[in-house]
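*Asks:* Quick one: the structure is below, questions incoming.
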Amino acid sequence: MEPYIRSVYHDQVKTCHICHNIAVQYQTCENERCGIKIHKPCVARYFKGNAEPQCPACDDFWQHEIPEVRRRQSQPRR
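What follows is the structure in structure tokens.
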């Protein structure tokens, strides 16, 4: 499905700077010259435990709230 979305909506698709997948819910670097997008789960993992997070592309302070890393819930075995 992703290749189709990228080919049909190539001008509108946003890509996560960390995992390079299509980004739907993301945060954007506030630096006008940068503007990278990172999925919220990628933000949580990338900046985990970092007191002064910086953009991985331009090194500006990452001004957004850093979400907590969520662990996947395991499915009960039947």
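FYI, the working numbering numbers position 32 of the sequence shown as 32, with every residue one higher than the one before it.
We put the CB at the ideal spot given by N, CA and C, even for glycine.
In chain order, what residues of the same chain lie with their CB nearer than 8 Å to the CB of G35, ignoring the 5 residues before and after it?
*Replies:* For G35, where only same-chain residues beyond five positions count, the Cβ hits under 8 Å are T28 and C29.
*Asks:* Look at the alpha carbon of R45 and the alpha carbon of I38, and state the distance between them as a whole number of angstroms.
*Replies:* Their backbone Cα atoms lie some 11 Å apart in a straight line.
*Asks:* So C55 and N31 are in contact, right, with Cβ under 8 Å, and what is the actual spacing, rounded?
*Replies:* About 7 Å; that satisfies the 8 Å criterion.
*Asks:* Per DSSP, what are the beta-bridge partners of I38 in this structure?
*Replies:* DSSP lists Q27 as partners of I38.
*Asks:* Would you report the Cα separation of A57 and R6, rounded to the nearest angstrom?
*Replies:* Their backbone Cα atoms lie some 23 Å apart in a straight line.
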